[in-house]
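Input: a single structure, listed below in structure tokens.
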Amino acid sequence: MSRDRKLVVGNWKMHGGLKGNADLLQGILAAAPFAAADAAVCVPFPYLSSVGVQLADTEVTWGAQDCSAHEQGAYTGEVSVGMLQEMGCRYVIVGHSERRAYHGETDQLVADKAKAALAKGITPIVCVGETLEQREAGETESVVKRQLSAVIHTLGPCIGEIVVAYEPVWAIGTGKTATPEQAQQVHAVLRAQLQAATPRADAMKLLYGGSVKPDNAAILFSQADIDGGLIGGAALKAGDFVAILKAAA
Ligand code: PEP
């Protein structure tokens, strides 16, 4: 991986439908090529197949929003990384704060999912981030370092192959964006932690996520340790997603 180009990943969450997805992707593809950024969309499991057909042979890659840490077996409702691989996924988001909060995902489970993804050649986008309560208690650094540390210990030398997304929980879907300085400060902490773990840290992509919009993307992406974004709400409108991709220039 190199940091020459930004990476902008849409997280569609539990939104979409066959017709709307096709229109959204058509709108994005109509604006390609994207000179300074690589684009990807992480879509709900049932749409991986149709999205993969529409995006095949384009510059936009796709992925999922979660995976099982298990290879296969009696895990009703779970989706394995092998299945994602068959669907052509390039990325899988793991440890999104919504999964940590609503599904009780622990730091270790998130790390195990990242390991399972890498074992099949899919790049995990590992999310870390503090709640408002934790930020106000001055715990931001210790929380994100603890979350990342589980992944570092579980992956060992392979840590250099992941993408990290710093997503302050208080900024997700709230319209409250971290200031570029707040975001950069945490990214620098994460980069330093990775530098202590791998010689490849300087080439790793660290994304910022949390109410990124066309009007704040450029300043966020211009920070020294911000290599792109994980985009929720604004990834559901072709015009906004394209504007964010172009803001990377
Ligand atoms: C997200 O869910 O990953 C996210 C960053 O959402 P939003 O852009 O809507 O804040």
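The numbering of the sequence shown is this note's numbering, which starts it at 1 and goes up by one.
From the three backbone atoms N, C-alpha and C, an ideal C-beta is built for every residue, glycine too.
| said: Among the candidates 62, 240, 159, 225, whose CA atom is the shortest distance from the CA of residue 214? | reply: Working through the sequence shown from its first residue, we reach residue 214 at position 214. It is 240 whose Cα lies nearest to the Cα of residue 214.
| task | Let me know the secondary structure DSSP gives residue 52 once reduced to three states. | result | In the sequence shown, residue 52 corresponds to position 52, counting from 1. Helix at residue 52.
| Which of the three DSSP states, helix, strand or coil, is assigned to residue 212? | Here residue 212 corresponds to residue number 212 of the sequence shown, with the count starting at 1. Reduced to three states, the DSSP call for residue 212 is coil.
| Can you find at least 3 beta carbon pairs, one from the stretch 124-132 and one from the stretch 166-182, that sit closer than 8 Å? | yes
| query | So, residue 221 versus residue 210, is the Cβ gap smaller than 9 Å? | reply | For the purposes of this step, residue 221 is taken as residue 221 along the sequence shown, with counting starting at 1. For the purposes of this step, residue 210 is taken as residue 210 along the sequence shown, with counting starting at 1. Not in contact: residue 221 and residue 210 (Cβ atoms no closer than 9 Å).
| Whole-angstrom distance between residue 51 and residue 184, CA atom to CA atom | Against the sequence shown, residue 184 aligns to sequence position 184. Against the sequence shown, residue 51 aligns to sequence position 51. C-alpha separation (whole angstroms): 33 Å.
| Nearest to residue 258 (by Cα), restricted to the options 68, 152, 139 | No answer is possible for residue 258: the residues shown for the chain start at 1 and end at 249.
| message | Quick check on residue 148 - is its C-beta less than 9 Å from some C-beta in chain B? | response | Of the chains in the structure shown, none is chain B; there is only one protein chain.
| said: I'd like to know whether the C-beta atoms of residue 27 and residue 238 end up nearer to each other than 9 Å. | reply: As a working note, residue 27 is residue 27 in the sequence shown. As a working note, residue 238 is residue 238 in the sequence shown. Their beta carbons are under 9 Å apart, which means residue 27 touches residue 238 by this criterion.
| Terminal residues of the alpha helix (DSSP H) in which residue 168 lies | Within the sequence shown, residue 168 is the residue found at index 168, counting from 1. Where residue 168 is concerned, there is no enclosing alpha helix (DSSP H), given that its DSSP letter is neither H nor E.
| Can the beta-carbon of residue 58 be found closer than 9 Å to that of residue 18? | Along the sequence shown, read from residue 1 onward, the residue named residue 58 stands at position 58. Along the sequence shown, read from residue 1 onward, the residue named residue 18 stands at position 18. Going by C-beta atoms, residue 58 is not nearer than 9 Å to residue 18.
| In whole angstroms, what is the alpha-carbon distance linking residue 193 and residue 153? | The residue labelled residue 193 in the question sits at position 193 within the sequence shown. The residue labelled residue 153 in the question sits at position 153 within the sequence shown. One C-alpha to the other measures close to 12 Å.
| field | Completely contained beta strand (DSSP E) runs for the stretch 55-96, where each covers 3 or more residues | value | 60-64, 91-94
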